[in-house]
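The sequence shown begins at 237 in our numbering and counts up by one.
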Amino acid sequence: MVSFKPLDPEFPIERQLGIDAGPIVLVNLFTVDPVNQVALVEAWKNDAQWMKMQPGYISTQLHKAIGDGSMYMNYAVWDSVADFRAAFSNPEFQQQLSHYPSSAVTAPHLFEKVAVPNCCTA
């Protein structure tokens with residue numbers, strides 16, 4: 237089963253799930269023993285396919301660190317925290333977390349777009 241580690245210990249995902257915001261981006265960093273990389277990707281694939289069927293889901297993409305490292309990053313876009321919270325808290329999804337290799341550690345965090353003049357829009 238995957239272990240959770242807050243990306244920001246001052247404001248972990250559990251606290252973020254109580255905020256009303258949207259659209260949002262989930263950034264989720266995974267680390268895993270090199271021998272468990274295939275199992276991690278397979279478990280993530282099953283989760284992604286389940287999440288794609290949930291209300292408010294927009295898109296997701298898995299990234300692997302370049303080189304020989306065994307770090308991965310998932311980037312998922314959702315309509316709102318409420319939609320993500322409903323999917324993430326669903327008992328069916330929570331049960332699927334047991335399919336991750338025991339060496340897997342995840343650090344999920346939610347973000348909103350920021351408007352910066354002459355650079356990007358919110």
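By construction, the Cβ of each residue, glycine as well, lies at the ideal position given by its N, Cα and C atoms.
Spatially closest choice to residue i from the options, by CA coordinates
i, options, result
"A279", "S306, I294 and S334", "S334"
"A358", "Y308, D244, P259 and S239", "P259"
Local conformation of residue i per DSSP, three classes
i, result
"S316", "coil"
"K281", "helix"
"L253", "coil"
Buried versus exposed, by CB contacts within 10 Å (16 or more), residue i
i, result
"F320", "buried"
"P344", "buried"
"A301", "exposed"
"V238", "buried"
Beta carbon of residue i nearer than 8 Å to that of residue j
i, j, result
"A284", "T267", "no"
Distance, residue j Cα to residue i Cα
i, j, result
"D269", "P242", "19 Å"
"D256", "Q331", "25 Å"
"A340", "G305", "14 Å"
"L253", "V317", "6 Å"
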